[in-house]
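Chemist: Questions regarding the structure given below will be posed in turn.
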Amino acid sequence: MKLEVRGLSKTYGPGRPAVASVSHVFPEGRISALLGPSASGKSTTLWMIAGLADPDAGQVLLDGRDVTNVPAEKRDIGMVFQSYALFPHLTVLENVAFGLRTRGVGKAERVARAREVLETVRMGDFGGRPVDGLSGGEQQRVALARALAFRPRILLLDEPLSALDAKLREDLRAELFSFLRALALTTVYVTHDQAEALALGDELVVMREGRIEQSGRPAEVYHRPASPFVARFLGAANLVEADVSARGDALRLPFATIEAPDGAEAGLCWAMLRPEDLEVVGPAEADFTAALASAQFLGPVQRLRVFAGRQELLLDAANDLAIGDEARIPVRMKREKIVVFARGEGEKPPAPFVPPPGAAAVFDVFPRTVN
Ligand code: ADP
Ligand code: MG
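Position one of the sequence shown corresponds to residue 62 (this note's numbering), numbered consecutively onward.
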């Protein structure tokens, strides 16, 4: 089923809106990961789609039909909450069957369907158990079963793994993702975890301060972020104060001048390069040389912190490259990977992103510019 939102807005109290005119078409039968920092309006957006919060303005459309004023239980939308919101005094089976009762399904049919969906999430043997004795992962599967029991055509999940500790979360991620992919429902999965969003989503929707900042395939958003904020939010990004020459042909970095990327506009800019877009090369191929400040072995790569003059840069080198206390490391920039953003005079780069607990190690280190 096709899900579309148009101009969806909500303000709770005085101050800035929680959600400000969000419009988006969620691809049918695909998983969209809705990613953004805390308080960026992800949950509010989801609640309005589900019919659990009233928008101040805008519409929710299911297969083109306006359901903005249709009550939640008549929307064909299943939802898994951050807290799971299971009923502690009911058994697993009763929890799963509960939503069917409010939708007017008869008793025998409720039990049959609850059993069936518990099998799907591999909880078939747990029907008679009280939910409060279950592990976090088991509760999460019950919550998913409950959302699926009435065969919704849209599935919404609000940070379904965030209540779990980091280790368990990593274990369950792959399992949950394979369930979700197999379901092939139009799914909106809210998370503030970049690694989760990149790995899961067929589509990535990045929210910031109540608005959609960018959407697209995960690789596209990662490689071609629309703003310095998105660049930094999705992973480590070197943001170098640079400028494009008046004729638009040269990109002048503090430590090298190279040909400007196609379409770069003349004037001040940020030149964005991810650590993996910088390579240690032979001296003849180098764009500049850098001095090593520190090296961190991450397994697949070693992340070097280097200085090109006064500019600090992160660089991912091969994990078997032998590096001593080198003062002159020849470095090449992968030209095609450089992204240029217009920059105002005196503009500061977005604050380094603080990774959520349990996020992949690759997000842990961020560069700073030393002035
Ligand atoms: P996210 O899920 O991205 O963390 P939310 O949609 O929960 O963001 O919140 C967006 C903004 O709206 C935040 O500033 C939050 O404090 C506010 N907000 C959310 N729910 C309520 C509520 N029920 N009452 C008042 N303010 C709320
Ligand atoms: Mg939230």
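Glycine residues also receive a C-beta, built at the ideal position from the N, C-alpha and C atoms.
Under 8 angstroms from any heavy atom of the ligand ADP, does the C-beta of Met140 make it?
Modeler: In the sequence shown, the residue the question calls residue 140 occupies position 79. Met140: no, Cβ never under 8 angstroms from the ligand ADP.
Chemist: Please list, in chain order, all residues of the same chain as Phe187 whose beta carbon is under 6 angstroms from its beta carbon, the five residues on each side excluded.
Modeler: Position 126 of the sequence shown, counting from 1, holds the residue named residue 187. The residues are Val153.
Chemist: Just curious, the beta strand (DSSP E) that Lys71 is in, first and last residue?
Modeler: If you number the sequence shown from 1, residue 71 lands on position 10. First-last of the beta strand (DSSP E) with Lys71: Leu64 to Lys71.
Chemist: Going by beta carbon distance, what residues of the same chain come within less than 6 angstroms of Val395, once the five residues before and after it are set aside?
Modeler: In the sequence shown, residue 395 corresponds to position 334, counting from 1. In the sequence on display, residue 395 carries Lys and not Val. Cβ within range, chain order: Asp338.
Chemist: Would you kindly report the start and end of the unbroken alpha helix (DSSP H) that includes Ala99?
Modeler: Residue numbering aside, residue 99 sits at position 38 when the sequence shown is read from its first letter. Position check: residue 99 holds Ser in this sequence, whereas Ala was assumed. Per DSSP, Ser99 belongs to no alpha helix (DSSP H) and is neither H nor E.
Chemist: So, helix, strand or coil for Gly139, using DSSP?
Modeler: Start at 1 with the first residue of the sequence shown, and residue 139 comes out as number 78. In the structure shown, Gly139 sits in a strand (DSSP, three-state: E or B).
Chemist: Three or more C-beta pairs closer than 8 angstroms, one from the region 349 to 368 and one from the region 253 to 273: is that the case here?
Modeler: Too few Cβ pairs lie closer than 8 angstroms, so no.
Chemist: Take Pro336 as the anchor and find which of Leu376, Gly309 and Glu199 has the nearest alpha-carbon.
Modeler: As a working note, residue 336 is residue 275 in the sequence shown. Nearest option by C-alpha distance: Leu376.
Chemist: Could you tell me which residues DSSP pairs with Ile319 in its beta bridges?
Modeler: As a working mapping, residue 319 is identified with position 258 in the sequence shown. Partner(s): Leu312.
Chemist: Since Leu216 and Leu244 should fall inside the 8 angstroms C-beta cutoff, what is the C-beta to C-beta distance between them, to a whole number of angstroms?
Modeler: Here residue 216 refers to the residue found at position 155 when the sequence shown is read from its first residue. Here residue 244 refers to the residue found at position 183 when the sequence shown is read from its first residue. Right, their Cβ atoms sit about 7 angstroms apart.
Chemist: Can you list the beta strand (DSSP E) stretches of 3 or more residues lying completely in the region 233 to 308, in chain order?
Modeler: Taking only runs of at least 3 residues, the beta strand (DSSP E) segments lying wholly in the region 233 to 308 are 247 to 252, 264 to 269, 272 to 277 and 299 to 305.
Chemist: Does Ser84 come out as helix, strand or coil in the three-state DSSP assignment?
Modeler: Within the sequence shown, the letter at position 23 stands for residue 84. Reduced to three states, the DSSP call for Ser84 is strand.
Chemist: Give me whichever residues DSSP pairs with Asp219 in a beta bridge.
Modeler: For the purposes of this step, residue 219 is identified with residue 158 of the sequence shown, where counting begins at 1. For Asp219, which the question treats as bridged, DSSP gives the partners Val251.
Chemist: Under 5 angstroms from any heavy atom of the ligand ADP, by CB: list those residues in chain order, please.
Modeler: This selection yields Tyr73, Ala79, Ser99, Ala100, Ser101, Gly102, Lys103, Ser104 and Thr105.
Chemist: Please classify Arg136 as buried or exposed, where buried requires at least 16 other C-beta atoms within 10 Å of its C-beta.
Modeler: Taking the first residue of the sequence shown as position 1, residue 136 is located at position 75. Counting Cβ neighbours within 10 Å, Arg136 comes out buried, since at least 16 surround it.
Chemist: Leaving out five residues before and five after Glu177 in sequence, what residues of the same chain have Cβ atoms less than 7 angstroms from its Cβ?
Modeler: The residue you call residue 177 lines up with position 116 of the sequence shown. Excluding residues within five positions, none has a Cβ falling inside 7 angstroms.
Chemist: Shorter than 8 angstroms, the distance from the beta carbon of Glu439 to the closest heavy atom of the ligand MG, or not?
Modeler: No answer is possible for residue 439: it lies beyond the span of the chain, which begins at 62 and ends at 432.
Chemist: For Ala332, list the residues DSSP reports as bridge partners.
Modeler: For the purposes of this step, residue 332 is taken as residue 271 along the sequence shown, with counting starting at 1. Partner(s): Val301 and Val401.
Chemist: Going by DSSP, which residues form a beta bridge with Asp127?
Modeler: Here residue 127 refers to the residue found at position 66 of the sequence shown. Answer by DSSP bridge pairing, in chain order: Leu122.
Chemist: Does any C-beta atom of chain C lie closer than 9 angstroms to the C-beta of Glu373?
Modeler: Reference to chain C is not applicable here, since this structure consists of a single protein chain.
Chemist: Flag this pair as touching only if the region 400 to 408 and the region 320 to 332 have three or more C-beta atom pairs under 8 angstroms; answer yes or no.
Modeler: Short answer: they touch.
Chemist: What is the DSSP secondary structure of Ile390, counted as helix, strand or coil?
Modeler: As a position in the sequence shown, residue 390 is number 329, starting the count at 1. In the structure shown, Ile390 sits in a strand (DSSP, three-state: E or B).
Chemist: For the ligand MG, any of its heavy atoms closer than 8 angstroms to the Cβ of Gln255?
Modeler: Walking along the sequence shown from the start, residue 255 turns up at place 194. Checking every heavy atom of the ligand MG against the Cβ of Gln255, none is found closer than 8 angstroms.
Chemist: Identify whether Phe187 lies in helix, strand or coil by the three-state DSSP scheme.
Modeler: One-based indexing of the sequence shown puts residue 187 at position 126. Helix.
Chemist: Would you kindly work out how many angstroms separate the C-alpha atoms of Ala311 and Cys330, rounded to a whole number?
Modeler: For this step, residue 311 is matched to residue 250 along the sequence shown. For this step, residue 330 is matched to residue 269 along the sequence shown. Taking the straight line from one Cα to the other gives about 12 angstroms.
Chemist: Considering just the uninterrupted stretch of the alpha helix (DSSP H) at Phe159, what are its terminal residues?
Modeler: Taking the sequence shown and counting its residues from 1, the one referred to as residue 159 is at position 98. Run containing Phe159: Val153 to Thr163, per the alpha helix (DSSP H) assignment.
Chemist: Here's the rule I'm using: 16 or more other beta-carbon atoms within 10 Å means buried, otherwise exposed. How should Ser355 be labelled?
Modeler: Taking the first residue of the sequence shown as position 1, residue 355 is located at position 294. With fewer than 16 Cβ atoms within 10 Å of its Cβ, Ser355 is classed as exposed.
Chemist: At a threshold of 8 angstroms, does Val249 count as lining the ligand MG (C-beta to nearest heavy atom)?
Modeler: Residue mapping note: residue 249 aligns to position 188 of the sequence shown, counting from 1. Result no, Cβ not under 8 angstroms from the ligand MG.
Chemist: Are the beta-carbon atoms of Arg313 and Asp348 separated by less than 9 angstroms?
Modeler: Counting from 1 along the sequence shown, the entry for residue 313 is found at position 252. Counting from 1 along the sequence shown, the entry for residue 348 is found at position 287. In this structure, Asp348 does not lie closer than 9 angstroms to Arg313 by Cβ.
Chemist: In whole angstroms, give me the CA-to-CA distance for Val66 and Leu237.
Modeler: Position 5 of the sequence shown, counted from the first residue, corresponds to residue 66. Position 176 of the sequence shown, counted from the first residue, corresponds to residue 237. So the alpha carbons of these two residues sit roughly 26 angstroms apart.
Chemist: Is the beta carbon of Ala118 less than 9 angstroms from the beta carbon of Ser82?
Modeler: For this step, residue 118 is matched to residue 57 along the sequence shown. For this step, residue 82 is matched to residue 21 along the sequence shown. Yes, the Cβ-Cβ distance between Ala118 and Ser82 is below 9 angstroms.
Chemist: Between Thr248 and the rest of its own chain, which residues show a CB-CB distance below 8 angstroms, the 5 nearest in sequence each way excluded?
Modeler: Numbered from its first residue, the sequence shown carries residue 248 at position 187. Only Arg91, Ile92, Ser93, Ile215, Leu216, Leu217, Leu218 and Leu241 meet the Cβ criterion.
Chemist: Is Arg366 helix, strand or coil when you go by DSSP?
Modeler: As a first step, residue 366 must be located in the sequence shown, where it is residue number 305. Here Arg366 sits in strand by DSSP.
Chemist: Closest to Phe87 by C-alpha separation, out of Gln143, Glu373, Pro344 and Val266, would be which residue?
Modeler: Locating residue 87 in the sequence shown gives position 26, where the first residue counts as 1. Measuring from the Cα of Phe87, the nearest candidate turns out to be Val266.
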